[in-house]
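Number 3 in the working numbering belongs to position 11 of the sequence shown; there are no gaps in the numbering. Positions of the beta carbon are idealized from the N, C-alpha and C atoms, including for glycine.
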Amino acid sequence: ELMQHVKDFCVIGGMPEAVEKYSKTKSYLESERILSNILSTYRADFNKYGLRVNQQRIEKALGVKKSNWFLL
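Pasting the structure below:
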């Protein structure tokens, strides 16, 4: 049971909205939708700052492939 909780945490992470969605639905897919929305919002915010930030570094840092989220 502990290992299942570890797996859940690794997939869902600690974003409160995603954790809440998973706790209500027990669906990785539903919490992944929340995480995708958060990631999209981050990307949109970083694009606002143009030359003040290195876009390639940010994309590399945020470049976790969705297909890798469910490999656990």
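Would residue i be called buried (16 or more neighbouring beta carbons within 10 Å of its own) or exposed?
i, result
"residue 52", "exposed"
"residue 13", "buried"
"residue 10", "buried"
"residue 63", "Residue confidence for residue 63 is low, a pLDDT of 43 falling below 50, so the modelled location carries little weight and cannot support an answer."
"residue 27", "buried"
"residue 20", "buried"
Could you say which of the options lies nearest to residue i if we only look at CA atoms?
i, options, result
"residue 30", "-4, 16, 5, 18", "5"
"residue 23", "8, 32, 40", "8"
"residue 37", "27, 18, 50, 26", "50"
What are the boundary residues of the alpha helix (DSSP H) that residue i is part of?
i, result
"residue 54", "Residue 54 -> no alpha helix (DSSP H), and no H or E assigned at all."
"residue 41", "No alpha helix (DSSP H) holds residue 41; DSSP gives it neither H nor E."
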